[in-house]
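**Student:** Below are the structure tokens for one structure; questions will follow.
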Amino acid sequence: MSPVYFIALPLFAAFGYRGVEALGRRAVAMALLMESAALLLLAASFVGGGRVVENIAIVQPLAISLVIDSASLFFVMLITLSMTLFSLHYLFRRAESAQKHEGRYFVFLNLLMAGTLGLVLSADIFNLYVFIEITGISAYVLTAFQKSEQALEGGIKYLIIGSVASLFVFFAIILIYLELGTFNLALIAKNFSSMPGPIIFVISLLGFIGLGIKAKLFPLNFWVPDIYEAAHPEIASLFSAIMASAYIFLFFHLFYLFGIGFREFVMTAGIVTMIVAELAALRQNDMKRIFAYSSIGQAGLVIAALALGNPHATTGAFFLLINNALAKLLLFIIVSVLFYRFGSTHIDTLKKVGSKVTVAALLMAFLTLLGMPPFGGFVGKFLVLEGFAEKGAYMAFGAILVAALIEAGYYFKMAGMLVGPNRSPETLPLSIGYRSLFLLIPGLFLLLGIAFFLFLPYFGESAATLSDAQGFVATLLGGVK
Amino acid sequence: MFENLLTWLDSPQTLQAIVVTGSLLLFGIGFYGLLAYTRIIKILISLSIMESALFVFFLGLASDPHKTAPILGDLFKNFEKMNDPVPQAAILTAIVISLATMSLGISFAIEYYKRTGKNDIAQMDALGEKR
Amino acid sequence: MGVLDIFGYILAFMGSGSLIISGLGIVRMPDIYTRIHAGTKASTLGILMIIASAACFEPAWSFKLLLLGAFILITNPLSSSALALASYKQGVKHLETSGVDELADKIKIKADSKEKR
Amino acid sequence: MTGFITLFTLLSMSVVALFSLRQSNLTQSVVLFSGVGLGSVVLFFIFNAPDVALTEAVIGSGITAVVLLIGIRHMHKEPEIEEVMMENRRGIRRIAIALLVLLTLLLLGKTLLGALSVETSNAGQALLEHAMQAGAANAVTSVVTYFRGFDTLGEVAVLFLAATGVGLLLTVEKGEDAIYIEPNFILRIGSGFLFPLILLFGLYIIVHGHLSPGGGFQGGVVIAAAFLLLFLTRRRFGLSHKIVTILESGAGMAYVLLGLTGLWLMGLFLGNFLPHPAEKIGMLVSGGIIPIIYILIGIKVGSEISYVVEKLIKRSHDV
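Shown next, in the form of structure tokens:
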């Protein structure tokens, strides 16, 4: 089975959305569920298969090609798994919370998935630009989907910032083509360093700004909390789980491939992102903004770990990626359920949460994000700290611990509200589906935490393939000179 | 005197300098517009000006005036003396994408105006931290 | 240099001449309505002449050029009349020196007749 | 001669762009902005890129200016005095921004001028040879639809997203909230005659996309311009949403299926499985799936942009 289906299937479904919409809301949710589950199985069929290159239309080296290696496969599975869990939530969501435009909602969800999968799979730099636009435009519209004043303002701001970011990326792509005359990633990687010095600096700077805005790096992520607040909580769950990871992969895929130098700068940017975001999260009293800042903080930690270049830290970063994506997905889904039930995402609504399952799910999510032992978060943080210790970056080591303390601050504040004395629990009728979903996702954390030795070899291999550029270039160019 | 000015202007070195300085100037004007003006339509126009500047920059440097357009006609049978079609295909795609972003931006602005009567970024205050 | 070619050069020369005149007219005329006169009439004539000269140089293309000429003969005056009416409705005043405004009375008459009905 | 024309056009484009930004009346600033677009059309023509010149003329400065003007007509609020004052009062801040931008430009220009290699590295040569045997007469079209067909599929998805987004955003609860259009009798009669001509011109561009400059995108937008003429002159004219949806979804799904048949038959997604002999390159039926792809794109873009223009003008209600 060829990896083209990852993009062809969602596109085909999106183009035919009127047919699916005519069958009603549950059919739309069911179609999304079957589609993402099918892609998850397709991804599973590639596990352990080494690097698969799929040329499109013509043969290398002129062709655009999709590449599945264990690094991109990890992200493909992360994206399709999060999409499957999201469509479960979308299926269980009660009818009265349905918006009017179900069919169009189906289109934007499909193309968000197709865009992020394209970002992870494509090995052609202009093709990446097109996929950045697809992901971008579906994200702008999803942010403004509710058409309220907040949502529209968020949509407009996101469109402008996203357009500026893709403009800088386009400028970098132009300079690359003018210098090397090709869009093929492997050819660019092979003679990237043969370009004159100042041009390399300009390309890396433009690329860093463009992708830095999208990957929410410290100086350029001022826009993120507003967008998360503007969007509906369930959309924010997709943004933090799917889009954040895809752009982090893209940033580091190109970072290692082109052998870009300023590694220390990216690491410090990641650490500073983490500290600033965690501090800002303390001050918030709207759940969406708290989780937005904490997702920026986690992204900062993962970026710092990946930029370190130590195998332990990178494997730990992969653990953290899957763990944080699922945790954020669960948190934002719970916030959207509370939003439907109580109509507000203020922190005090936590006091009204009645159902034990939701409380348990929230507590487990807090614990895994903090990195407590039985959960996957602990394994991830432990490996990352081990990596930093090996590299002797004690400053960063301390910063991670401080960030964990700050994180503990606001998570315990919220946990206090959940189980604290002055609560007035109201009924939160949850369908069986939701109860099973709110147990399934924490179960995955537990699985990651307890059976980590099962995943260690795969994540270790993914971490190795992410940073090995020569292997990528060799397989892609095959016999070509 | 006028004769050698024209030939000097046509030499590849000066042509490249003209294209780079001219398109960067246009890019700068768009960038200035983006930062200085806060009305949504002005910002969309500045974004589009920056994009046209990039297209002119890319095509100006990627095309060779002595070669012809990459279209086979009855007069042109071989491809040696033809320009590179790949940048043209890329810019064609980018122009259509800029149309998509522009029409989406405009409908955002219309809907926002119909709902709040504002069309200026500086007046937007629905988001952000509230005590 | 066949007769057709000479004829073509003359037509091309006259066509570009009238285009220059229309450009000059747009610059010289005081207000919008007189400028539209200059912009439309002279440029339509100029373009038609250039098309005719192209037909002289390449007789094979003459049918397509005929279609092109008909198309321009319709669109150019049409667009300038739409332009003039839109600017009139938006209240762009014309200078005294450039003629009498008959449209105002006609609109008044139409408005009165509407009240009567 | 090209050097002189390029210099002159670029300078005039910059001046027009600056004036377009400094206008406080939005309509004038949009009209000047489409002037900048026309300037880049001249430049693309000089750089021997007729396809890009046609696209920029039709899409870059044509339909984009129309979309902007319709948008401004919806927001007919003339800028209040204090708004214009506020915008002008920020003079000092604006000069600071201008200086900052000028500084970055000088830096960027100096590095680029110094380092950019003069001779244009021509990697498209390999693709041109490929086009010679396998593609169509218009090498740019064979690159857009066949060699880099995946980009175009993505681009069609981007346009589809924008059209669905506009449809979602510009829906009113019931009825419609159209902009006021001056009834113009002469235009009404003229457009009756012109509509079939422009429609024919659009179809011509689509069908001959692989022979002469043009193609699905440019032809589709010309068709949308023809429908725009009808929207402007006939208040009650409306597209039937059923037909638009069938055309749009049908063409999109057919495009993906065409790609998948390439995968199933040849093992290459979007591969050219139809016969495309080299000797028939100049003929109408040549280039295998290239003309078929551009016709599908033409149908899709034509129906989509007409729908977008109708929604922008009318903000009518549809689910």
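Protein chains in written order, with my numbering: chain A, 1 to 481; chain B, 1001 to 1131; chain C, 2001 to 2117; chain D, 3001 to 3319.
Just so you know, even glycine gets a beta-carbon here, dropped at the ideal spot from N, CA and C.
A quick note: this is a predicted structure, and the numbers were derived from the prediction, not measured.
Do you know offhand how far residue 2019(C)'s Cα is from residue 2038(C)'s?
**Tutor:** Taking the first residue of the third sequence as position 1, residue 2019(C) is located at position 19. Taking the first residue of the third sequence as position 1, residue 2038(C) is located at position 38. Near 10 Å, if we compare the C-alpha coordinates of residue 2038(C) and residue 2019(C).
**Student:** Would you say the stretch 146-166 of chain A touches the stretch 178-191 of chain A, given that touching needs at least three Cβ pairs under 8 Å?
**Tutor:** Too few Cβ pairs lie closer than 8 Å, so no.
**Student:** Check whether chain A comes within 9 Å of residue 1001(B), counting only Cβ atoms and requiring the distance to be less than that.
**Tutor:** Along the second sequence, read from residue 1 onward, the residue named residue 1001(B) stands at position 1. Judged by the 9 Å Cβ criterion, residue 1001(B) is not in contact with chain A.
**Student:** On the DSSP letters alone, give me the boundaries of the alpha helix (DSSP H) that residue 3020(D) sits inside.
**Tutor:** On the fourth sequence, residue 3020(D) is found 20 positions in, with the first residue counted as 1. Its alpha helix (DSSP H) spans residues 3002-3022.
**Student:** Along the chain, where does the alpha helix (DSSP H) that runs through residue 66(A) open and close?
**Tutor:** Position 66 of the first sequence, counted from the start, is the residue given in the question as residue 66(A). No alpha helix (DSSP H) holds residue 66(A); the beta strand (DSSP E) holding it covers 64-68.
**Student:** With a threshold of 16 other CB atoms inside 10 Å of the CB of residue 1127(B), please say whether the residue is buried or exposed.
**Tutor:** Position 127 of the second sequence, counted from the start, is the residue given in the question as residue 1127(B). Answer is buried; the Cβ neighbour count reaches 16.
**Student:** Count the other C-beta atoms from every protein chain shown that fall within 10 angstroms of the C-beta of residue 281(A), then say buried if there are 16 or more, exposed otherwise.
**Tutor:** Along the first sequence, read from residue 1 onward, the residue named residue 281(A) stands at position 281. Per the 10 Å Cβ criterion, buried.
**Student:** Considering residue 323(A), what are the terminal residues of the beta strand (DSSP E) in which it resides?
**Tutor:** Numbered from 1 along the first sequence, position 323 holds the residue referred to as residue 323(A). Taken as a continuous stretch (DSSP letters only), residue 323(A) belongs to no beta strand (DSSP E), being part of the alpha helix (DSSP H) at 311-342.
**Student:** Bridge partners of residue 56(A), per DSSP?
**Tutor:** Residue 56(A) sits at position 56 when you count from the first residue of the first sequence. Partner(s): 64(A) and 3269(D).
**Student:** I'd like the span of the alpha helix (DSSP H) that includes residue 367(A), first residue to last.
**Tutor:** For this step, residue 367(A) is matched to residue 367 along the first sequence. 356-370 is the span of the alpha helix (DSSP H), which, as asked, contains residue 367(A).
**Student:** Less than 9 Å between CB atoms is the rule here; does residue 1019(B) satisfy it with respect to chain A?
**Tutor:** Taking the second sequence and counting its residues from 1, one reaches residue 1019(B) at position 19. Not closer than 9 Å to any Cβ of chain A, the Cβ of residue 1019(B) fails to qualify, so no.
**Student:** Check the Cβ of residue 144(A) against every Cβ in chain B and list those closer than 7 Å, keeping chain order.
**Tutor:** Position 144 of the first sequence, counted from the first residue, corresponds to residue 144(A). The contacting residues are 1108.
**Student:** Does residue 2086(C) get closer than 9 Å to chain G when you measure Cβ to Cβ?
**Tutor:** Within the model displayed, chain G is absent; protein chains A, B, C and D are what it includes.
**Student:** Strictly under 9 Å for the Cβ-Cβ distance: is residue 3025(D) near chain A by that measure?
**Tutor:** Against the fourth sequence, residue 3025(D) aligns to sequence position 25. Taking Cβ atoms only, chain A never reaches closer than 9 Å to residue 3025(D), which makes this a no.
**Student:** Are the beta-carbon atoms belonging to residue 193(A) and residue 314(A) less than 9 Å from one another?
**Tutor:** For the purposes of this step, residue 193(A) is taken as the residue at position 193 of the first sequence. For the purposes of this step, residue 314(A) is taken as the residue at position 314 of the first sequence. Cβ distance not < 9 Å, so residue 193(A) and residue 314(A) don't count as in contact.
**Student:** Please decide whether residue 1115(B) counts as near chain A, where near means a Cβ-Cβ distance under 9 Å.
**Tutor:** As a first step, residue 1115(B) must be located in the second sequence, where it is residue number 115. Chain A, which has a Cβ nearer than 9 Å to the Cβ of residue 1115(B), makes this yes.
**Student:** Which residues of chain B have a Cβ atom closer than 7 Å to the Cβ of residue 3013(D), listed in chain order?
**Tutor:** The residue you call residue 3013(D) lines up with position 13 of the fourth sequence. Result: 1026.
**Student:** On the three-state DSSP scale, how would you describe residue 1039(B)?
**Tutor:** Within the second sequence, numbered from 1, the residue matching residue 1039(B) stands at position 39. It is a strand residue.
**Student:** Alpha carbons only, please: which of 1095(B), 1023(B) and 1048(B) is nearest the one belonging to residue 1060(B)?
**Tutor:** Mapped onto the second sequence, residue 1060(B) falls at position 60. Measuring from the Cα of residue 1060(B), the nearest candidate turns out to be 1023(B).
**Student:** Near residue 200(A), what residues of its chain come up, given a Cβ to Cβ distance below 8 Å and the 5 sequence neighbours on each side ignored?
**Tutor:** Within the first sequence, residue 200(A) is the residue found at index 200, counting from 1. The residues are 192 and 193.
**Student:** Please identify, using Cβ separations under 8 Å, the residues of the stretch 1091-1103 of chain B that lie next to chain D, in order along the chain.
**Tutor:** Of all residues in the stretch 1091-1103 of chain B, 1091, 1092, 1093, 1095, 1096, 1097, 1098, 1099, 1100, 1101, 1102 and 1103 have a Cβ within less than 8 Å of some Cβ in chain D.
**Student:** Give me the chain D residues within the contact set of residue 2044(C), using Cβ-Cβ distance strictly less than 8 Å, ordered along the chain.
**Tutor:** In the third sequence, counting from the first residue as 1, residue 2044(C) sits at position 44. What residue 2044(C) touches in chain D: nothing, since even the nearest Cβ is about 14 Å away.
**Student:** Take residue 151(A) and list the residues in its own chain whose beta-carbon comes closer than 6 Å to its own, dropping the five residues that flank it on each side.
**Tutor:** One-based indexing of the first sequence puts residue 151(A) at position 151. Once the five neighbours on either side are set aside, the close Cβ partners of residue 151(A) are 144 and 230.
**Student:** Which residues, taken in chain order from the stretch 3211-3244 of chain D, show a beta carbon closer than 9 Å to some beta carbon of chain C?
**Tutor:** Hits within the stretch, in order: 3232.
**Student:** Residue range of the alpha helix (DSSP H) that residue 2007(C) falls in?
**Tutor:** Reading the third sequence from its first residue, position 7 is the one you call residue 2007(C). Start and end: 2003-2028.
**Student:** Is the CB-CB distance between residue 1085(B) and residue 3058(D) below 9 Å?
**Tutor:** On the second sequence, residue 1085(B) is found 85 positions in, with the first residue counted as 1. On the fourth sequence, residue 3058(D) is found 58 positions in, with the first residue counted as 1. No, these two residues do not count as a Cβ contact at 9 Å.
**Student:** Take residue 211(A) as the anchor and find which of 249(A), 391(A), 471(A) and 358(A) has the nearest alpha-carbon.
**Tutor:** Counting from one through the first sequence, the residue named residue 211(A) turns up at place 211. Nearest C-alpha to residue 211(A): 249(A).
**Student:** Can you tell me the Cα-Cα spacing of residue 457(A) and residue 3158(D), whole angstroms?
**Tutor:** The residue labelled residue 457(A) in the question sits at position 457 within the first sequence. The residue labelled residue 3158(D) in the question sits at position 158 within the fourth sequence. Residue 457(A) and residue 3158(D): Cα-Cα distance of roughly 38 Å.
**Student:** What is the rounded straight-line gap between the Cα of residue 3184(D) and the Cα of residue 166(A)?
**Tutor:** Locating residue 3184(D) in the fourth sequence gives position 184, counting from the first residue. Locating residue 166(A) in the first sequence gives position 166, counting from the first residue. Going from the Cα of residue 3184(D) to the Cα of residue 166(A) covers about 42 Å.
**Student:** At what residues does the alpha helix (DSSP H) containing residue 2037(C) begin and finish?
**Tutor:** Taking the third sequence and counting its residues from 1, the one referred to as residue 2037(C) is at position 37. Unbroken alpha helix (DSSP H) run through residue 2037(C): 2032-2037.
**Student:** Which residues in chain B sit within 7 Å of residue 174(A), going by Cβ to Cβ distance?
**Tutor:** Counting from 1 along the first sequence, the entry for residue 174(A) is found at position 174. Correct list: 1054, 1057 and 1058.
**Student:** Exposed or buried, what is residue 3275(D) when buried is set at 16 or more other beta-carbons lying within 10 Å of its beta-carbon?
**Tutor:** One-based indexing of the fourth sequence puts residue 3275(D) at position 275. Burial call: exposed.
**Student:** Starting from residue 18(A), follow the alpha helix (DSSP H) in both directions and report where the run begins and ends.
**Tutor:** In the first sequence, the residue the question calls residue 18(A) occupies position 18. 17-22 is the extent of the alpha helix (DSSP H) around residue 18(A).
**Student:** Note down the Cα distance separating residue 124(A) from residue 187(A), rounded to an integer number of angstroms.
**Tutor:** Within the first sequence, the letter at position 124 stands for residue 124(A). Within the first sequence, the letter at position 187 stands for residue 187(A). Whole-angstrom Cα-Cα distance: 10 Å.
**Student:** What residue does the alpha helix (DSSP H) around residue 376(A) start on, and which one ends it?
**Tutor:** On the first sequence, position 376 is the one that residue 376(A) refers to. Note, residue 376(A): alpha helix (DSSP H), 376-391.
**Student:** Against chain C, with Cβ distances strictly below 9 Å, would residue 3202(D) count as a contact?
**Tutor:** Counting from one through the fourth sequence, the residue named residue 3202(D) turns up at place 202. Chain C contact via Cβ: absent.
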